[in-house]
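The opening position of the sequence shown corresponds to residue 680 in my numbering, with each subsequent residue numbered one higher.
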Amino acid sequence: MGRSRSDFNWHQYLASKLEEDLPQSVMSFYRNQPFNESLTLGAAEYVALDFETTGLDPEKDDIISIGLVPFSLNRIKVAQAKHWLVRPSCSLSEESVVIHGITDSELTDAPTLLDVMDEVLLALEGKVVVVHHEFIEREFLYHSIKEHLNIELLFPMIDTMAIEALQHRKGWRNTLKKLLNLRLPSIRLADSRARYGLPRYQLHSSVTDAIATAELLQAQVRYLYSEQALLSGIWR
């Protein structure tokens with residue numbers, strides 16, 4: 680893990696997973712992956728996903744909050760948003776509590792990640808998963824499932840941060856800025872949204888961040904792509 684998957688052979692990988700002996704929920708998730716190289720951005724059904732974690736190291740830290748919301752390019756289905764608090768394996772640090780606002784007392788009676796995993800996979804099933812900064816959601820989910828079930832859970836995602844990086848961190852102008860030690864445009868979620876005129880939310884709630892990510896993708900497609908563009912051109 681840890682490497683970019685923009686050029687990964689998803690067709691071959693997903694086909695190989697269907698031949699493995701996997702838990703029913705994982706097999707159903709893989710069987711219903713919306714992997715279709717002719718699928719357009721406008722025709723796809725999406726789900727924005729966000730985690731809050733105890734830190735930034737997926738091999739040592741834990742997921743403590745999962746938020747998601749299904750959406751299309753025309754509608755965000757807020758009424759169908761879901762949220763889970765997840766009990767970690769250790770106490771929270773003061774630094775992480777300041778960031779996400781979740782305390783140990785809120786997690787004492789929370790389920791473990793394995794307790795809610797079937798529900799989470801069912802909510803993601805059949806939809807294109809959208810995140811802002813794939814490292815968090817992809818790596819934490821991968822390492823958590825690998826540690827507890829000894830299976831791989833990998834699937835294509837759209838990363839709205841990667842889309843912003845392509846627009847604002849690439850090209851000769853930004854290369855020149857780097858050489859001159861000039862500040863590059865921020866690609867954090869709030870700053871990315873501001874470039875499209877989207878309102879500033881109180882972030883670091885997993886559900887709010889998921890909704891904010893869904894709105895950001897809608898704006899990115901409207902301004903940078905077309906609904907007729909192929910989904911396979913931007914997933915990772």
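C-beta atoms are modelled at their ideal positions from N, C-alpha and C, and glycine is treated no differently.
- Message: Please state whether the Cβ-Cβ distance between Leu-764 and Glu-785 is less than 8 Å.
- Response: Here residue 764 is taken as the residue at index 85 of the sequence shown, counted from 1. Here residue 785 is taken as the residue at index 106 of the sequence shown, counted from 1. Closer than 8 Å, so yes.
- Item | Where Ile-824 sits in the DSSP three-state scheme | Here residue 824 corresponds to residue number 145 of the sequence shown, with the count starting at 1. If DSSP states are grouped into helix, strand and coil, Ile-824 belongs with the helices.
- Buried versus exposed, by CB contacts within 10 Å (16 or more), Gly-912: Counting from 1 along the sequence shown, the entry for residue 912 is found at position 233. Exposed, by the Cβ-count rule.
- Query: Where does Ile-742 sit, in a helix, a strand or coil, going by DSSP?
  - Reply: Here the question's residue 742 lines up with position 63 in the sequence shown. The answer is strand: DSSP assigns Ile-742 an E or B state.
- Does the distance from the C-beta atom of Asp-838 to that of Arg-915 stay below 8 Å? Within the sequence shown, the letter at position 159 stands for residue 838. Within the sequence shown, the letter at position 236 stands for residue 915. Closer than 8 Å, so yes.
- Under the DSSP definition of a beta bridge, which residues are partnered with Ala-727? Along the sequence shown, read from residue 1 onward, the residue named residue 727 stands at position 48. The bridge partners DSSP lists for Ala-727 are Val-748, Val-809.
- Task: Give every residue of the same chain whose Cβ lies closer than 8 Å to the Cβ of Leu-877, excluding the five residues on either side of it in the sequence, and list them in chain order.
- Result: Position 198 of the sequence shown holds residue 877. For Leu-877, where only same-chain residues beyond five positions count, the Cβ hits under 8 Å are Ala-891, Glu-894, Leu-895, Ala-898.
- Task: Return the bridge partner residues of Trp-914 from the DSSP annotation.
- Result: As a position in the sequence shown, residue 914 is number 235, starting the count at 1. According to DSSP, Trp-914 bridges with Ile-837.
- Query: Should Ser-865 go down as buried or exposed, given a rule of 16 or more other Cβ atoms within 10 Å for buried?
  - Reply: Position 186 of the sequence shown, counting from 1, holds the residue named residue 865. It counts as exposed.
- For His-822, count neighbouring Cβ atoms within 10 angstroms of its own Cβ and tell me buried if that reaches 16, exposed if not. If you number the sequence shown from 1, residue 822 lands on position 143. Buried, because 16 or more other Cβ atoms sit within 10 Å of the Cβ of His-822.
- Query: By the 10 Å Cβ neighbour count, where 16 or more other Cβ atoms means buried, how is Tyr-902 classified, buried or exposed?
  - Reply: The residue you call residue 902 lines up with position 223 of the sequence shown. Tyr-902 is exposed by the Cβ-count criterion.
- If you drop the 5 nearest sequence neighbours on each side, which residues of the same chain put their C-beta closer than 7 Å to that of Glu-906? Against the sequence shown, residue 906 aligns to sequence position 227. Closer than 7 Å at the Cβ level, and outside the excluded window around Glu-906, lie Thr-719, Leu-720, Gly-721, Leu-752, Val-900.
- Message: Please list the terminal residues of the continuous beta strand (DSSP E) segment that includes Leu-639.
- Response: Limits of the chain in this structure are 680 at one end and 915 at the other, which puts residue 639 out of reach.
- Task: Alpha carbon to alpha carbon, how far is Glu-826 from Tyr-692? Give it in angstroms, no decimals.
- Result: Within the sequence shown, the letter at position 13 stands for residue 692. Within the sequence shown, the letter at position 147 stands for residue 826. C-alpha separation (whole angstroms): 20 Å.
- Message: So, does the segment 829-843 touch the segment 705-715, judging by three or more C-beta pairs under 8 Å?
- Response: Touching, per the Cβ criterion.
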